[in-house]
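Residue numbers (this note's numbering): 151 to 639. Even for Gly, the Cβ is constructed at its ideal location relative to N, Cα and C. This one's a predicted model, so the numbers in the text were calculated from it and none came from an experiment. To start, the structure itself, in structure tokens.
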Ligand code: BG6
């Protein structure tokens, strides 16, 4: 099917943190992709804002360089049109400098206006307040913020209050870039555009679910942020719980933003609390030591963050319960970590075994069906089924995948998550963004876990870089008679 380009009305996108890593690495190239397919309408403008003094021309040059550096064409017509939209305003987010110039630059035309805060989260509240004071929040204005929204439920509520004092909730777009990934949206298509799975999607037929987000990278230059965050706040509170919600939620009545978010919220509220009473049974945390990763010797976490001690986890595995009618008794195993042997994200839905074996399948019995949703890389879906091996020699069975690779099926590669999310925010479609109550409910699940870890006094368990985390994370699932999925290829 030919792709459909729906034009976006003219907008002003104001990027605070406009000379930062996120902006150069992701935002401008995502916007440029949309320029290339002629999605923008004149007079659309993209206004970079940062403290740095710089002329418009210098900033345009830096954006051109970034497009080149991150793999975009250099001199096509689209680049020139795109750079023509780029403006710059030097401004002190917490001081006086630049605000009146920004106001002048924005003018008073009634146009969609989106403020993207690609800044450190401690600036979210002050910038939002200031936008309010300067009367820069018009009725058609939106604000887009990145995670982390706070570091616990209370701080998230404070940020949400500050955003909510200036912008209506429907105009606040909290990004979880996992929701912008094509394969994550495909999970919804799989569940709600096929009649096949829904009758099986419950505790009567599903044995367990696994969610793995494995990374090979260490914390690199992000040590200062990461050491105050750890895997649970960096990955579980947001990306992984969002994936869990999409697997576990009830079918929403429509794709309307609140219909979807109401259902995700119900899941978050149904999670079985993990606290002092069950922390060691349900969680394992780890921290990487020196090892071998990405084909080379890799330093330890402490080395990477240049500290002598740290109790921050770079790996976490958890067993989570969803206490409702559909999922009672079905464990959701989740694991994520830095410096693991492979980079991939996947969701595995493990079905129950056949109730009675008529075939001789050896001491392990007949393997159960598994539905594997590969979020990245090699996006696709595999449904593992049993078949008879062809040829004579009796009924020899094999576990083989019905294989739906998106890359092989669709000619065009999946767009970068930010492309979709930026366009949705500019159009005012909040379905793929987190609502205030979702963010806070997720923190209310996470906070007691962190407190229980602190009470336990146990440091994270060591694991060598380039291994699958502490042995206890294997035991977490294997003592229930299950294994982490190893079948994809
Ligand atoms: C970010 C985390 O939100 O997600 C990073 O802060 C992590 O630590 C990244 O590396 C993973 O995203 P992706 O899209 O590469 O899986």
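> Hey, is residue 332 close to the ligand BG6, as in C-beta under 7 Å from one of its heavy atoms?
Replying inline: no
>> Quick check on this structure: which residue in 294, 333, 326 and 335 has the alpha carbon closest to the alpha carbon of residue 317?
In response: 294
>> Restricting to runs no shorter than 4 residues, where is the alpha helix (DSSP H) found entirely within the stretch 316–371?
In response: 332–342
>> Given a cut-off of 8 Å on the beta-carbon distance, is the pair residue 385 and residue 288 in contact?
In response: no
> Tell me the DSSP bridge mates of residue 491?
Replying inline: None, per the DSSP bridge assignment.
> Mind checking whether the beta-carbon of residue 669 lies closer than 7 Å to any heavy atom of the ligand BG6?
Replying inline: Only positions 151 to 639 of the chain appear in the structure, and residue 669 is not among them; the question remains open.
> So which of 308, 243 and 165 has the shortest CA-CA distance to residue 587?
Replying inline: 308
> If you draw a straight line from the C-alpha of residue 272 to the C-alpha of residue 532, how long is it?
Replying inline: 42 Å
> According to the Cβ coordinates, are residue 440 and residue 619 closer than 8 Å?
Replying inline: no
> Hey, quick one: how far does the beta strand (DSSP E) through residue 582 stretch, first residue to last?
Replying inline: That residue, residue 582, is in no beta strand (DSSP E); it is neither H nor E in DSSP.
>> Please tell me whether residue 473 and residue 420 are closer than 8 Å, where the distance is taken between their beta carbons.
In response: yes
> Using CA coordinates, which residue listed in 547, 492 and 217 is at the minimum distance from residue 615?
Replying inline: 492
> Per DSSP, what kind of secondary structure is residue 436 in: helix, strand or coil?
Replying inline: strand
> Around the C-beta of residue 629, are 16 or more other C-beta atoms found within 10 angstroms, so that it is buried, or is it exposed?
Replying inline: exposed
>> For residue 555, list the residues DSSP reports as bridge partners.
In response: 530
>> In whole angstroms, give me the CA-to-CA distance for residue 632 and residue 370.
In response: 34 Å
> In its own chain, which residues sit with a C-beta less than 8 Å from the C-beta of residue 591, not counting the 5 before and 5 after it?
Replying inline: 415, 418 and 419
>> Per DSSP, what are the beta-bridge partners of residue 441 in this structure?
In response: 448
> Hey, would you say the C-beta of residue 377 is under 7 Å away from at least one heavy atom of the ligand BG6?
Replying inline: no
> What does a CB cutoff of less than 6 Å around residue 174 pick up in its chain, not counting 5 residues either side in sequence?
Replying inline: 216
> For the alpha helix (DSSP H) that residue 414 lies in, which residues bound it at each end?
Replying inline: 407–420
> Does the separation of the CB atoms of residue 642 and residue 394 fall below 8 Å?
Replying inline: Past the edges of the chain, shown from 151 to 639, lies residue 642, and the structure says nothing about it.
> Identify the residues that DSSP records as bridge partners of residue 243: which are they?
Replying inline: Its beta-bridge partners do not exist; DSSP assigns none.
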